[in-house]
Amino acid sequence: MKALLRMLFSKPPPAKTPSFNPIFIDEPQFISLIHSSKSIKHLQQIHAQIILHHQFSNSRIVTQLISSFSFKNNFINHALSIFRHFNNPNLYIFNSLIRALADNSYYMTSISYFVLMLRSNIRPANLTFPFVLKSTAALQEGWLGMEIHTQILKLGLLCDRLVLLHLVDMYAKVGLLECACQLFDESSQWGDEARSTLLWNVLINGYCKVGKWGKAVELFEVMPEKYGSTWSTLINGLMKAGEIDRAMELWRSVEERDVVSWTTMINGFSLNGQHEQALSMFFEMLEQGVKPNDQTIVCALLACAKAGALETGTRIHDYVLSNGFALKKGITAALVDMYAKCGSIENASRVFDMAEEKDLRTWSVMIWGCAINGYLDKALDCFNKMKSTGIKPDGVVFLAIITACLHAGNVDHGLHFFDKMKHDYSIEPTMKHYAVIVDLYGRAGRLNQALRFIKNMPIDPDFVIWGALFSACRAHKNIQMAEYASEKLLELEPKHPGGYVFLSNVYAGAGKWQDVERVRTKMKNKGVAKDPGWSYIEIHGQVTSFVAGDHFHDRSDEIHLKLDEITKNAREFGYTPETEWVLHNIEEEEKEESLGSHSEKLALAFALISGDDLKVIRIVKNLKICGDCHSLMKHASKMTKRDIVVRDIKRFHHFKNGSCSCQDYW
DNA sequence: TTAGGGTTAG
């Protein structure tokens, strides 16, 4: 093979006289060359040779070429261009293109080539349908699925077990479970061979995906032979439905727990916000001698990222390095994400810089990391570098870069990128993009512009949009506009606690206690409960969570004593509790007490009594940090001479020597 | 046979 490659690339045949060709390469040689090609450049050279050797109408070779190009991300256009230059494409050429498009998420285009195939009077075969159905499922187009079903019937291909499998899968994925069930029942006519365990699996998966896990359990129980993955599917379904205990019970009953079932549990705990359990499950798995795969590592790192568990994340990073895991794109992106979300942008950058392969997602997590940590310049630098490597930014990258502008308070830059995305890249903004722009205007106090922007949006503003305007009104004390926004919020989601909490916050801020009471009563009458605030802290690799007013911790008394001490000392440095952040109409002293038990403060006190050697105290909070806690953290960082890092729902606050990286703008 | 499968996933 090496000799053949050398022969090919060192002495290409003269381009102008292709008929005179001293080196003859036959079909099997070309095919094995394509299979062994390592880079895109290599493939392009082989493509050139195919043309020079007049082999461009050889469908066996071209089929291989199309699939090879499609395996490399971002090169699907090469596959398309090869297809377009092929005269009279046959079944194989069509199949390989349809597959290439479906595999690269170009679902619509793959369907359109399927249609073209039919119009060109080329009869689809069994191997055409798995990919066409995959695209249909992804597009969520049930009617299209039915049309294709008819085609399959006409061609008599329903008895093909994989065609049947994909058809049932498609119906389950587009939510037409009755059709899936009917097909499943009818399939018994072809015997057990056709009705494979996988077919059961697909149906059970379908039920889980629409949240009908009860039905899934029923099917599972009557299933003749239980396949490993079915357990995982079901456990995953139960976890997604929040049925943690049932999932655990089922998982315990699995005799041979494989990597996938462990990963499902780890991921399931994480999905339910139980990151501590997710991580202890991961370490239990290691203790039991089960080797994690890339996906397990990604899930475990994700749990660290969510809980802000830097120490544990670093431990997993060490594990990855010493156990021969290749730093492929998935793990790299997860590591960068973990370090960035744990507030360690230095380590995130280090992993990122060392990564051999950087895809859109790797760049994307890095830019997000810069954004939430408040490094606009670094985010911009990454954005430009990414473009120079030829990767085109997508909507998510633009969202990250605009968010970076938001946290840096740079309105003009943010608006510039928003326009650039629309006009230069033809990316249609999503609700999230609009929300960031509203936030951008709102935080800068440009409330009228924000409102005008919302009114001119081409899509109907959702809860988040009005919420962003609302927060801005609150910060800039515009009660009239806040009331308007809150009306919109309550219209959209009358059961969502956010709308009520927002409104009572505004009234409380303005001292309008009667109005606060009115909102609170309304909230109670409608049975709406406020989201509890919680915080995570990791000390010596152990994650602990606190909720506001928490007295459940073993060392609760000590924690509260320590907190009193910090507050007292802070007062001597000029800290006064900012009671406007309390909702209730209560006496000043009580208000102070209510503020005093916010979960991030409890976490801080816990860190101070248990981690003498902690140089940096890292806290993760599920809501936005309140002004009072923000103020106390600043004082605490100065008094204790320790850095305090708080990640709230929006961004990072790095407190150092009495000031915060957000410059009090958040 | 020029080529098709499910489970965990940011």
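So the first sequence is numbered by numbering that gives the first Met the number 0: it starts at 0 and just counts up by one. For every residue, glycine included, the Cβ atom is placed at its ideal position computed from N, Cα and C. No experiment lies behind these values; they were computed from the predicted model shown.
CB of residue i within 8 angstroms of CB of residue j, strictly
| i | j | result |
| --- | --- | --- |
| Ile-315 | Cys-303 | yes |
| Ser-596 | Ala-547 | yes |
| Asn-372 | Ala-339 | yes |
| Leu-218 | Tyr-206 | yes |
| Gln-150 | Val-173 | no |
| Glu-537 | Ala-308 | yes |
| Ala-443 | Lys-476 | no |
| Phe-85 | Ser-56 | yes |
| Thr-311 | Ala-332 | no |
| Leu-156 | Asn-125 | yes |
| Lys-328 | Asp-358 | yes |
| Ala-378 | Ala-403 | yes |
| Thr-229 | Met-238 | no |
| Ser-36 | Ser-67 | yes |
| Thr-62 | Ser-111 | no |
| Thr-666 | Leu-100 | The question about residue 666 has no answer here: the residues shown for the chain are numbered 0 through 665. |
| Phe-29 | Ile-49 | yes |
| Asp-666 | Ser-69 | This structure cannot speak to residue 666, because the chain is shown only from 0 to 665. |
| Tyr-499 | Met-522 | yes |
| Gly-394 | Thr-429 | yes |
| Thr-520 | Phe-605 | no |
Cα-Cα separation between residue i and residue j, rounded to whole angstroms
| i | j | result |
| --- | --- | --- |
| Lys-561 | Gln-541 | 20 angstroms |
| Pro-123 | Ile-97 | 11 angstroms |
| Asn-656 | Trp-261 | 43 angstroms |
| Lys-494 | Lys-487 | 13 angstroms |
| Phe-417 | Met-456 | 13 angstroms |
| Cys-659 | His-653 | 5 angstroms |
| Leu-143 | Lys-153 | 15 angstroms |
| Ile-648 | Asn-621 | 5 angstroms |
| Ala-481 | Glu-146 | 50 angstroms |
| Asp-461 | Leu-468 | 11 angstroms |
| Ile-390 | His-34 | 25 angstroms |
| Arg-650 | Asp-459 | 27 angstroms |
| Asn-89 | His-148 | 22 angstroms |
| Ser-534 | Gly-441 | 27 angstroms |
| Met-385 | His-629 | 35 angstroms |
| His-412 | Arg-245 | 50 angstroms |
| Lys-133 | Pro-27 | 31 angstroms |
| Ser-470 | Cys-625 | 12 angstroms |
| His-52 | Leu-64 | 15 angstroms |
| Tyr-574 | Thr-566 | 8 angstroms |
| Met-280 | Gly-267 | 11 angstroms |
| Lys-214 | Ile-426 | 41 angstroms |
| Asp-438 | Asn-504 | 18 angstroms |
| Leu-676 | Met-264 | This structure leaves residue 676 out entirely; the chain is present only between 0 and 665. |
| Cys-675 | Pro-392 | The structure shown does not extend to residue 675, since the chain is modelled only from 0 to 665, so the question has no answer here. |
| Ile-616 | Met-420 | 38 angstroms |
| Asn-409 | Ile-618 | 27 angstroms |
| Gly-532 | Glu-490 | 25 angstroms |
| Lys-590 | Leu-249 | Confidence at Lys-590 is low in this model, with a pLDDT of 48, below 50, so its placement is unreliable and the value that follows should be read with caution. About 47 angstroms. |
| Ala-407 | Gln-662 | 9 angstroms |
| Val-216 | Val-258 | 22 angstroms |
| Ala-602 | Ala-449 | 36 angstroms |
Opposing strand residues paired with residue i [DSSP bridges]
| i | result |
| --- | --- |
| His-686 | Nothing about residue 686 can be read from this structure; the chain reaches only from 0 to 665. |
| Lys-620 | Ser-534 |
| Cys-659 | Phe-654 |
| Gln-541 | Ile-538 |
| Val-674 | As displayed, the chain neither begins before 0 nor continues past 665, which places residue 674 out of reach and without an answer. |
| Val-546 | Trp-533 |
Contact test: residue i Cβ vs the ligand GTP heavy atom, cutoff 7 angstroms
| i | result |
| --- | --- |
| Val-435 | Although the ligand GTP was asked about, the structure shown includes no ligands whatsoever. |
### Message
Does the structure place the stretch 355–374 close enough to the stretch 610–622 that three or more beta carbon pairs sit under 8 angstroms?
### Response
Touching, no.
### Task
Entirely within the stretch 111–169 and at least 4 residues each: give me those alpha helix (DSSP H) ranges in chain order.
Runs found: 128–138, 141–154.
### Task
For the stretch 212–247, list the alpha helix (DSSP H) runs that are entirely contained and at least 4 residues long, ordered along the chain.
Within the stretch 212–247, the complete alpha helix (DSSP H) runs of at least 4 residues fall at 212–221, 227–239.
### Query
Does the stretch 176–184 touch the stretch 156–168, meaning 3 or more C-beta pairs lie closer than 8 angstroms?
Yes, the stretch 156–168 is in contact with the stretch 176–184.
### Message
Can you confirm whether the stretch 344–353 touches the stretch 636–646 when touching is taken to mean that 3 or more C-beta pairs between the two stretches lie within less than 8 angstroms?
### Response
The answer is no - the stretch 344–353 does not touch the stretch 636–646, with fewer than three Cβ pairs under 8 angstroms.
### Query
Counting pairs of beta carbons, one from the stretch 556–576 and one from the stretch 499–519, are three or more of them closer than 8 angstroms?
Counting Cβ pairs under 8 angstroms, fewer than three are found: no touch.
### Message
My parser needs the alpha helix (DSSP H) runs of 4 or more residues fully inside the stretch 254–334; what are they?
### Response
Every alpha helix (DSSP H) stretch that sits fully inside the stretch 254–334 and reaches 4 residues is listed by chain position as 258–270, 274–286, 293–306, 309–321.
#### Entry: Segments of 4+ residues assigned as alpha helix (DSSP H) that fall wholly inside the stretch 326–413
Counting only runs of 4 or more, we get 328–340, 344–353, 359–371, 375–387, 394–406.
### Task
With a floor of 3 residues, list each beta strand (DSSP E) that falls wholly inside the stretch 420–466, ordered by position along the chain.
Runs found: none.
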